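Chains as they are written, first to last, in this note's numbering: chain A, 4 to 453; chain B, 144 to 328; chain C, 102 to 666.
Yeah, the Cβ is synthetic: ideal placement off N, Cα and C, and Gly gets one too.
Small disclaimer: the values here were computed from a predicted structure and weren't measured.
Here's the structure we're looking at; comments come further down.
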Amino acid sequence: MIKKTTPKERRIILKHADDPSYSNKIGCYLKKDGYSMLKKAFQMKPDEIGEEVLKSGVRGRGGAGFPAGMKWKFLDRKSGKPIYLVCNADESEPGTFKDRQIMYKDPHQLIEGMMIAAYAIQAKQAFIYIRAEFFEGARILEHAIAEAKKKNFCGDKILGSDFSCDLVVHRGAGAYICGEETGLIESLEGKRPNPRIKPPYFPAVLGLYQCPTIVNNVETLCNVKHILEIGGEEFAKIGKPNNTGTRIWCVSGHVKKPGYYEFECGALTLGEMIYDVCGGLLPGRSLKAIIPGGSSSKILRADERFTGKLKDGTDFDWGIEDIPLDFDGPASAGSMSGSGGIIVMDDTVDIVEAMANINAFYAHESCGQCTPCREGSLWMKKITQRMCDGAARKEDADLLLSVANQIEGRTICAFGEAASWPTQSFISKFRDEFEEKANNGNKKPPLQLI
Amino acid sequence: MELSEDTLRKIEEVIPRYPEKRSAALMVIHLIQDELGCISDETCNWIAEKLELQPINIKELITFYPMLRETAWGKKHVRVCRTLPCALRGSYGTCKVLEEKLGVKEGHVRDDGEFSIEFMECLADCGEGPVVMVGEETFENIEGKGAEKFADLLLNDKLNSSSEFISYESALVTDSTPVKSTKKK
Amino acid sequence: MSSNGKVSTVTINLDGKEVEVPAGINLVEAAAIHGTEVPHYCYHPQLSVAGNCRMCLVEMGTPMRDRGTGEPVLDDNGVQKIGWIPKPVIGCGTNVSAGMHVKTTSSMVTDSREGIMEFLLVNHPLDCPICDQAGECRLQEFATDYGRGYSRYVERKNVKPKRTRLGPRVTLDDERCILCSRCIRFCQEVVDDDVLGFVDRGSFSTLTCFPGKELSNNYSLNTVDLCPVGALTSTDFRFKMRVWFLKESVSICTESSAGSNTLVSSREGEIHRITPRRNDAVNDSWMADSGRELYKKVNSKDRLLTPMVSDEPSDLNNAISQAALLLKGKNVGIVGSCRSSLEEQYLYNKLAKSIKAKKFLRGHFGDDDGILLSADRTPNLRGALVTGFSNKYPTDSLSDLSQGIKKNQIEALLVIGEDLLSSGLVANDLSDTPVVFVGTHQNATSDLANVVIPTLTTFEKSGSFINRNFRLQAFKQAVPGPAGLMPDIHVFASLANALSESSQTSDLAQVWTQMSKSPTNPLHGISYAKIPSDGLQLDGSKWDGLSFVEKKALNYSPSKHLKEA
């Protein structure tokens, strides 16, 4: 493929994050015109802000990719119950590390975005649910909130108006399922984070304390401020239709320069990301597979061809390097962009061991509420563990696939899909390695993954 | 069960932040665990009474979340990420090195109570894996020979003054940081 | 309920057939109404919906509507198109709506059930040979009906605590638990005693009580009934009897006026356990633990087994004749009982009228727990009112009897089950008054009675009670009584015939014909055989003015006296 110049990042969210003269204190943020959008928001009507967000087409950056403006529209504003805004800062999807950068390095951007959102949905109180492993992050946020409160940017009578909204930092305690919106709400209520059945417990209607609640990802809420800055229509011009704005991609695994990179949606392909931006693979290695959207997304094989029709009717015929990095690209290739966590695996990886690692993760993190996920995830873990311990059987590939198929679609929350998609895609694309494992005896691969 | 004035004050501050008392459970448990190291059954009873709940409601939480403990970790607790991105960069090897050097197996506390090692799920810093947390600080790219050096510094309590291993938190720009990035890329 | 008393309905399509179902119910109930079983574990009609077992997954679709206009979308033949949801939905959490299409037997549903069944058995111990639940275990039943039939699991199963004492009456086996959470929801919602919870997570989740606390409330055994598997077991019943040997008879709990419907399980004349019977108008699906223990009184040491005349053993017929001799021609006082059945009360009330005896009645009272143990600790106080034996509300003493004896107005006593010496009388009061005692268990009065006629407990005879809701409920004989004894109605009929030369029948059905004759009596027109299994609501408004002691409780509200629906 003819290489053009290395695609350039467009840092909107991470504009100041790695500036060596920019700290996470309010002084720096104010110098960069911070909280001016909050002031602009308070000149508008709450519904107008919602309209801008809807026009912008911004999609959730937590993994599901659901349009944020539409989610806000589902909010039940007629119930008379208080409305809550919750920021999902639980960031536990393996391969994702973008929200950390925002919260540790530019927390005021999040606070401003949240306060604008809170005003737009007329929330009575806002929470940031941050994972407990971000010890310093929680402190940074608390400090930032205190700074913002002093200047009336959050809390009581914001900017001297009648609107008050307190912002509370709530720490989790190490559970991946708290990233699921109803699991998060249950955890916020002080109970075991068992996700709720939907219907009837849609958060927009029956959320926190059975009141209408909006749960949004950190990056999504930060975008709210930028949408207000240039307007929804202009924002929609960034990226591609239906894939608007920028996204922070997190690359990890076997590349020379792993890390976080912010690009306009669709501005580069997966190949450009890995070979140009991340410096390519480690010396002497060849690409084996890529997981494009956090460990819950389906794996892509390096030598696969992806063909089909795009939403606009045009045909596509891609190799793995041609997949555009936006929401629809990986989805068209049969996977998803998820939380933007790109995990690169080269030929030193034993696929069955990688599968065992992922299955162990899901078995460990299953909340245990519903039967298929609870028993199925542990069963899959035990099978792959046994395979890696040298007792694999030829029929285990079919068994794994069958168990995964029995979990998908039958669970209370999307964790069922998250646990079953990796297995389904690993087996369907690397079946030969799984069946070969039965002949490998006790031989351990050089790179230990389980 | 004795709690310091400071912790008790913080507990009283955090409970009214929430519309319902039960919501404060996790934050109260964190505050107490930060001081006492773990939550005993007696403590469960105390917290339950404080928040007008049943003790079983607190025990359910303690046993669900891996970071809430019924027995304390060592004085210096080392957390090694084992999920796929870090595993791909060699975190299992890192854990073995730490086990050998620190003299304690993963999931256990050393007999003298000084060190403990725990495998964690994704710590959300995958680009700099393998990620190792010591206490509340996050250290990056700990593998191979670097892991051995890291373990030695940790063993001899010289990690904080090391210029080779700078935690993510220490590398953050503060208002008094000289204008020079100290992060290793 | 709409204002004319009719339930509003919707039409849904169930497995290809258009059927009408009450509005607002879920798909599990809707299917059950039309004879289709949707297997489920965690769902219970009287508990909140959890939706976690996923066994009730069904295929569901709703009529397609155009997104823009809202108009129905039709297919080529002009038939309404159905938008089938690609994933199955849980039946217990989905409420019926007009035009909904449901499939309970498609390949998606079969596949789902086989999958869930397999998952439930994956970590389940192979305990059937030693598990009490065998024979009434929903895992066994649904595995047979909906499971795949073979196991593919070759890994190790999880190990959990196997024989935990959860409380004084409940033993827990954690490995068998399928984590349906029925027991937890029951304790939280029905009894308001939040002691149970899950600890750990994932497949290692374990049901437990907080260390130091116990599942000891008076409804703990209902969790054993609720548990669909053999995880929660009754310590009393554990390892005693296989359920397929048990014969079940319907009965009513005699502990209080709540009148919980029960099921008596017995084998070869021996009772092995009591369990509640579902009655949505009385006890939902619950009963008090203390009521279950009452079956132990059948064989207790103080059971009266031999008729006695002047402290000498005798036979029943002789005892009855001697009793008649003692009472004939005298001013008799009849001390009735709120524990007697309706038929018995009718008979000795009739006897009282014919021999112009004075009637006395005492109540037995205790604390009301607001659920199923009411303040009135007798099952049939209202029976005494309806039969006319008493027209005022009894107290817990028989002071007017004591007065009557002192004033020489009472010359002989027929006492039914009560102990006069703990009702305000002393032994001296009775020194000149002959006493005929008719009852089941020995007490201070039976000790000094001239004639003792033992009778049968509720488990050994048939009859009916009227509970606090003024609901008429029948109980049937479960086990035979001790040799040589007859039911109370036989005793009273014989006494009546001996004392007043009548020919009173002792046949239960014929007694009812007599009872139900009077048009002003609430029992008018009822026959025993026709009493429905869930009881018959009577009109108790005639007694609205009395000060009933029961407090607001499950399915009961003191101010309301429901008229016949």
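Within 9 Å, strictly: CB atoms of E275(A) and E324(A): yes
9 Å Cβ cutoff, C265(B) in contact with chain C: no
Beta-bridge pairing of Q181(C) - partner residues as DSSP gives them: L175(C)
Spatial distance of I52(A) from C253(A) (CA atoms): 30 Å
Under the three-state DSSP convention, the category A67(A) falls into: In the structure shown, A67(A) falls within a coil segment according to DSSP collapsed to helix, strand and coil.
Where V247(B) meets chain A, residues with beta-carbon distance less than 7 Å: What V247(B) touches in chain A: nothing, since even the nearest Cβ is about 19 Å away.
Euclidean distance between Cα positions of H270(B) and G262(A): According to the sequence provided, residue 270(B) is Gly. The question's His does not apply to it. Cα-Cα distance, rounded: 4 Å.
Which of helix, strand or coil DSSP assigns to L253(A): It should be noted that the sequence gives Cys, not Leu, for residue 253(A). C253(A) falls in the strand class under three-state DSSP.
Whether S164(A) touches G158(A) by CB criterion (9 Å): no
R480(A), buried or exposed, once every other Cβ within 10 Å from all chains shown has been counted against 16: No statement about residue 480(A) is possible, as the shown extent of chain A runs from 4 to 453 and does not include it.
Assumed close pair K301(A), S342(A) - CB separation to whole angstroms, cut-off 8 Å: Actually they are not in contact, since the Cβ atoms of K301(A) and S342(A) sit about 14 Å apart, beyond 8 Å.
Contact with chain A by N400(C), beta-carbon distance below 9 Å: Proximity of N400(C) to chain A, defined by a Cβ-Cβ separation below 9 Å, is not satisfied.
Simplified DSSP assignment, three categories, for R368(C): In the three-state DSSP reduction, R368(C) falls in the strand class (E or B).
Inter-residue spacing [alpha-carbon to alpha-carbon] between V296(C) and L316(C): 6 Å
Test item: CB-CB of T355(C) and F566(C) under 9 Å: Yes, the pair counts as a contact, with Cβ atoms nearer than the cut-off.
Backbone secondary structure at S166(B) - three-state DSSP: In the structure shown, S166(B) sits in a helix (DSSP, three-state: H, G or I).
Minimum Cβ-Cβ distance from C181(A) to chain C less than 9 Å: no
Proximal residues to T351(A) (C-beta, below 6 Å), its chain only, five neighbours per side dropped: For T351(A), the CB contacts under 6 Å within the same chain, skipping 5 residues up- and downstream, are L450 in chain order.
Strand pairing of N220(A), partner residues [DSSP]: DSSP lists N91(A) as partners of N220(A).
Exposed unless 16 or more other CB atoms sit within 10 angstroms - verdict on D608(C): exposed
CB contact check: C269(B) to chain A, cutoff 9 Å: For C269(B), a Cβ of chain A is located within less than 9 Å of the residue's own Cβ.
Local conformation of T614(C) per DSSP, three classes: helix
Contacts that L191(A) makes with chain B (C-beta to C-beta distance below 7 Å): S166
Cβ of V316(B) within 9 Å of any chain A Cβ: yes
Check whether A427(C) and A513(C) have beta carbons under 9 Å apart: In the sequence under discussion, the amino acid at residue 427(C) is Leu, which differs from the Ala named in the question. Contact: yes.
Residue-chain proximity (N408(A), chain C), Cβ-Cβ < 9 Å: At least one chain C Cβ lies under 9 Å of N408(A).
Proximal residues, the region 293-320 of chain A versus chain C, C-beta separation under 9 Å: none
Contact with chain A by A151(C), beta-carbon distance below 9 Å: yes
Beta-carbon neighbours of P261(A), restricted to chain B and to distances below 9 Å: P228, R232, C269, G270, E271 and G272
Helix, strand or coil at N445(A) according to DSSP, with G and I counted as helix: coil
Chain-ordered chain A contacts of E243(B) [CB-CB under 8 Å]: Going along chain A, no residue has its Cβ under 8 Å from E243(B), so there is no contact; the nearest lies around 15 Å.
Short-range partners of chain B found in the region 17-44 of chain A, where Cβ spacing is below 9 Å: D21, D22, P23, S24, Y25, S26, N27, K28, G30 and C31
Nearest candidate by alpha-carbon position, reference D392(A), set K243(A), V355(A), V227(A) and P215(A): V355(A)
Residue-chain proximity (A135(A), chain B), Cβ-Cβ < 9 Å: yes
Cut-off 6 Å between Cβ atoms - residues of its own chain near N622(C), not counting five sequence neighbours on either side: Around N622(C): no qualifying Cβ.
Which of helix, strand or coil DSSP assigns to G412(A): When secondary structure is reduced to three states using DSSP, G412(A) falls in the coil class, being assigned neither helix nor strand.
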